[in-house]
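Following: one structure in structure tokens, then a few remarks.
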Amino acid sequence: MTDKLALVWPEIWLFVTTCVVMVVGLSPDLRVRKLCGWISALGLVVAIGAAVPVAHAGGLFPSITPYAKGMIGVVGLMLLPLLAGTVDRDLDAAIESGKATFSALRSNRAEFYAFFLFSLTGLMLTASADDLIWLFLALELTSLPTYIMVTISTRGTRSQEAGVKYFFLGALGAAIFLYGFALIYGATGTTDLAEIAAAFRAQSEAGGLNTIGVAGLAVALIGLCFKIAAVPMHMYAADVYQGAASGVSAMLAFVPKTAGFLAIIMLCGAVGWTHGATHDSLPAPIYILLWVIAAATMFTGNLLAIRQSSVKRILAYSSVAHSGYMLVGVIAGPGSGHGTFWDNGIAAVLFYLLTYGVTNVGTFAVLASIQKPNGEEADDIADIRGLHGTRPHLAGAMLLCVLSLLGMPPLLGFFGKVGLFTSAISAGEIPLVIVLGLNSAIAAFYYLRIARAAYLEPADEHVETRAGPIPQRVFAAVLSASAVVLLLTVAQMLMERSVTASGYHAPHAGMADTPHEALDLTRADD
Amino acid sequence: MLVLLILLPLLFGVAVLLRPPAAAKWWALGGTSLCLAIGAMLVGRFFANASPDVPFQAQGSFAWLPALGLNLSVGIDSVATLLIGLTLLLGPICVGASWTAIPQHRARLFYGWLLVLQAAMVGVFAARDLLVFYTCFEFTLLPMFVMINEFGSTNRHKAATKFFLYTFTGSIIALAGLVYTAWAVGTRATGVDGFTLDIATLTEHASHVLTAREQALVLLAMLCGFAVKVPLFPFHTWLPLAHTEAPTAGSVILAGVLLKLGTYAMYRFVLPLVPHAVLEHAPAVAILAIIGIIYAGLICWVQTDVKKLVAYSSVSHLGFCVLGLFALNSAGVTGSVLYMLNHGLSTGALFLLVGFMYERYHTRDMREIGGLGAKMPIWSTFMVFFVMSSVGLPGLNGFPSEFLCTMGAFISHTGWTSGAARHVGATWGPLGPWFGFAAGTGVIVAAIYLLAMVAKMVWGTLREPAVHHGEHDHHAGGPHLPVDLTAREIMTLLPIGVLCIVFGLFPTQTLIGAIESDVNAQVAFVHERSGEAPTEHEAHFAQQEHRQQRDAGRDEQIAGVKP
């Protein structure tokens, strides 16, 4: 128990911060209320500090937590300035001009920051999960606050529509993967991931995996596709990203996706990359399922993105495509387990999540920093046209971020993609590499459109935009764009950390702590 | 010194961005001239110290991501040195050619990217690490995209997008092929348990570890990237569009250097990494090259747009370059390397001339304009001179390269025995007389279309578009240009002209002598390795053995962890 407690100190810190924010955010004094963001930042810094030294929690991926939680904290910190001013802006203005008085019931600031932190707490808990129940609760803690954040992020009806869509599909997804978890429990008799792994191992050595277990895994993975916005659960992405405020969209592109990938990595780790003819791939049904999902996700995301005229929808579909890229790393698996970054698919996925999270903040922050005359944030590609003339730093940030997402060497995104490439080649997945390459090329089409609109084209005469009222968002954009370049100086360290984090304890049937009753149950099932 | 040549243009690029727009062209001129001076020293020092035992000089390496085997390493052999020289020479020339064509308020964008482009191009030739090479190779796309998209003519958006997407798609597939090779060498030969990115190591081992089937696939992947860049028929459709729409400096760099990245990559990677597949499939590639030579030549014949004509002539000429490369003998490969340089000089100059003419008349249509010999004698003199060089008039630089490429293809035959075999594999190769013959008809076509162009443009009665001055001048925004070339414009053409004569009259003393030993070593290497490719069984055995060692290590580790 105590070792588990030591593991979740970062989450505890975040939870404490959440409570403080909830109270502070209700203060009648605007200056006090405005402290919410700073307190959240402080909480995240402390959580990162608490997360990094903790390691070796046992389980399948014993050292994943420091890297994952550090990454979550850092990207969370970058999201904070982007989220600033999302809610309560009109209310504050009305109070300041004397038209309204402060009412705790009408203010959303406290909830907004608290839900953000709750979601990150859930995400960190996902990283620490070593049990199916824990995993499920953590995933739900990650997602539930985001449904509300989407709904309250703007005053428009589109956010409400987006929130409702997101919630119902999210509930459906959760039901599906919970069903899968139940089947896995039925097949192995335990909810502990390490014990499940041992049970699966014993089954495969005894002549084949339990069908119910494999079916459960498949169902769970399909359910998790909702979290990562992968085919067939990708339909919501464009509407929700477009309906929500840009800051919240940026968060949706990172937080649930990271949670989903952590969960997928753990489930795949439970069954192990030790099947197939050469004992180095996932079991055939799971392998085929993920293969098809990955390829379909890449093509669907990229092809749909080409046809959009809204930057947010382009980014939403590209986020779908990026999930497809990362699934390639999951299929490739951890390689030899103690190899380099290049042949380790899990390390590649973890590194890619970081590069994607960092870069993605920038693209959405640029959109959030531009305001249309009616007070809405920029959305259509016409809105960012001619940005280099009026706000060159934003245009530059957009250019860098988009090129990094495209995987242009030598930016950060390129190294993320190369990791996926090389790990897939090591695993012998040449057709997938070709699919990945083709899709990177298709992606060039729409990323180039964004880059050209922002950086090169003159402004449309009839489209009017002005600088947004919140300077923090510009800061977020510039921060993200500089990170795309500056993180290269520490790329070595980050890659090494991701390799350490992906350290995978391949399950052994004869593991000392394997409970015998679980194995007996399995046999009874057969 | 090499690193300096990559970093200096970048620094000057930043300076251009920070200084006021009026100073941009001066900074760009200063930067490129300084690089040219350093480059001249580099070339001089290289050939002063050249010896066959030390093919690569000026080597430097900086461990960037050491744990991953990623080094920023550079080094040059004679071929790379000469191509770097060409790149640096074209630098100030491009700045000079753009002096009045680029409106001042956009000058920073243009010259900034021009300098970045120069850094990337030098990086490609200097790279001794696969990822450094790929990074620079890919990064040339962006500046060129901006140049075409922003400073091109009417159809520029389409041209820029097509250029970027076409080449980007190809390069990603080429990357997959290169990375696969890096993986195969890493896991089967060097025992680094991962990827070998060092080009020298790759070259040494790749042909020993890739099976015949793998070599064929890697060849296909690499050709996807490099053949698009060259461009080889039928991947050439982006080029005429990009050339026609690009600004003059963009066309010069595109024709002069960027296309050579493709042939250089073939010389550096395709030939030595997968020699078995190259030998087997060389006839197929050569046939594509020959189709390109003749087909593009015929298209040139019916062109009315003079810039498009020069662009298609590039496709035709680069066909010779690829043909010589895949002849796989000393004559062919030497000719091909020569062609990379000489085509850069003469076609670059032709694009300059077309650009100067366009700046005055704002049309490139040969139906509207012609007979300029009467009005622009200096321009016409240069035009005739460089067309002759491009046609391959003996005595000028085009001739030795075209002749060697065609001869290389002609004598490149397994059964050919006559002729002075000075070196290993001087004549032996996979093509044959018919290939040489077919390519030879391309020379005739080239003479027809280029001379027809000169006839229309220079001789005959003077034809000018109805409105050329006045109305369009607000568009240029620059100072009014005199009727004939200015001293500045002559200065951009003169150095190229001098080199054309020197390389034409003394090819052996200058270029061939410089690259002889490296090219012969390359050809000998390819011949030595082309016969053998490991069988699948051998490759798997090497990998299994390697894997067993690795697994043994892992078992020990696990045993160590367990009490």
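Chains A and B, in that order, give the protein sequences. According to numbering that gives the first Met the number 0, the first sequence holds residues 0 to 525 in order. According to numbering that gives the first Met the number 0, the second sequence holds residues 0 to 562 in order. Just so it is clear, CB atoms sit at the ideal spot from N, CA and C, and this is done for glycine as well.
| said: Using the Cβ count rule (16 or more neighbours within 10 Å means buried), how would you classify D2 of chain A? | reply: exposed
| query | Should F384 of chain B be flagged as near chain A, meaning a C-beta pair shorter than 7 Å? | reply | no
| request: Check whether the Cβ of W182 of chain B lies closer than 7 Å to any Cβ atom in chain A. | output: Yes, W182 of chain B counts as interfacial toward chain A.
| In this structure, does DSSP put D279 of chain A in helix, strand or coil? | coil
| query | Nearest chain A C-beta to A245 of chain B closer than 7 Å, yes or no? | reply | No, A245 of chain B does not count as interfacial toward chain A.
| Does the beta-carbon of E531 of chain B have 16 or more other beta-carbons within 10 angstroms, so that it is buried, or is it exposed? | E531 of chain B is exposed by the Cβ-count criterion.
| query | In chain order, what residues of the segment 133-158 of chain B put their CB closer than 9 Å to some CB of chain A? | reply | Y133, T134, C135, F136, E137, F138, L140, L141, F144, V145, N148, E149, H156
| field | Interface positions of the segment 440-467 of chain A facing chain B (Cβ-Cβ less than 7 Å), listed along the chain | value | Of all residues in the segment 440-467 of chain A, only A440, A443, F444, L447, R451, L455 come within less than 7 Å of chain B when Cβ atoms are compared, listed by chain position.
| said: I need the straight-line Cα distance from I305 of chain A to S388 of chain B, nearest angstrom please. | reply: 45 Å
| message | With DSSP as the reference, identify every bridge partner of G393 of chain B, one or two as the case may be. | response | First, the amino acid is wrong: residue 393 of chain B is Pro here, not Gly. Answer is B:L395, bridged to P393 of chain B.
| field | Where P51 of chain B falls, given that 16 or more other Cβ within 10 Å makes a residue buried | value | exposed
| Checking contacts by CB at 7 Å: is V522 of chain B closer than that to chain A? | no
| query | Between I171 of chain B and chain A, is there a C-beta pair that is closer than 7 Å? | reply | yes
| Opening and closing residue of the beta strand (DSSP E) in which S72 of chain B lies | 69-75
| is_contact[F398 of chain B, chain A] using C-beta, thresh 7 Å | Output row for F398 of chain B: interface = no.
| task | Measure the C-alpha to C-alpha separation of A201 of chain A and G58 of chain A and round it to an integer number of angstroms. | result | 17 Å
| task | Report yes if the C-beta distance between T210 of chain B and P533 of chain B is below 7 Å; otherwise report no. | result | Going by C-beta atoms, T210 of chain B is nearer than 7 Å to P533 of chain B.
| request: Using beta-carbon positions only, say whether V319 of chain A and A243 of chain A come within less than 7 Å of one another. | output: no
| From A:V7, A:G412, A:R312, pick the residue whose C-alpha is nearest to that of L119 of chain A; which is it? | A:V7
| Of all Cβ atoms in chain B, is any one closer than 7 Å to the Cβ of D2 of chain A? | no
| In the segment 399-422 of chain A, which residues sit with their C-beta less than 7 Å from some C-beta in chain B, listed in chain order? | M407, P408, P409, F420, T421
| message | Just to confirm the assignment: which complete alpha helix (DSSP H) runs, minimum length 4, are found wholly within the segment 130-197 of chain B? | response | 140-150, 155-184
| Endpoints, alpha helix (DSSP H) assigned at L510 of chain B | Premise fails: L510 of chain B is in no alpha helix (DSSP H) and is neither H nor E.
| CB of A49 of chain A within 7 Å of CB of W12 of chain A, strictly | yes
| request: Note down, one range per segment and in chain order, each alpha helix (DSSP H) of at least 4 residues found wholly within the segment 329-372 of chain A. | output: 344-367
| request: Would you kindly work out how many angstroms separate the C-alpha atoms of L257 of chain B and I293 of chain B, rounded to a whole number? | output: 22 Å
| query | By Cβ distance below 6 Å, which residues in the same chain neighbour A426 of chain A in space, the five residues on each side in sequence not counted? | reply | For A426 of chain A, where only same-chain residues beyond five positions count, the Cβ hits under 6 Å are A331.
| task | Note down, in chain order, every chain A residue with its Cβ under 9 Å from the Cβ of A175 of chain B. | result | Chain order gives the chain A residues near A175 of chain B as F420, I424, I429, V432, I433, L435, G436, where near means a beta carbon separation below 9 Å.
| Relative to the alpha-carbon of V53 of chain B, which residue among B:L480, B:F524, B:D517 has its alpha-carbon at the smallest distance? | Ranking the options by Cα distance to V53 of chain B, first place goes to B:D517.
| task | Taking C-beta pairs closer than 7 Å, name the residues in chain A that T202 of chain B reaches, listed in chain order. | result | Chain A residues near T202 of chain B: none, gap ~19 Å exceeds 7 Å.
| request: With 7 Å as the threshold, decide whether the Cβ of V73 of chain B is near any Cβ in chain A. | output: no
| task | Give a yes or no on whether the minimum CB-CB distance between T210 of chain B and chain A is below 7 Å. | result | no
| For Y263 of chain B and chain A, any beta-carbon pair shorter than 7 Å? | no
| request: Report yes or no: is there a C-beta of chain A within less than 7 Å of the C-beta of F167 of chain B? | output: yes
| query | Taking Cβ-Cβ distances shorter than 8 Å, what residues in chain A pair up with F124 of chain B? | reply | What F124 of chain B touches in chain A: nothing, since even the nearest Cβ is about 17 Å away.
| field | L349 of chain B versus M232 of chain A: straight-line alpha-carbon distance, rounded | value | 56 Å
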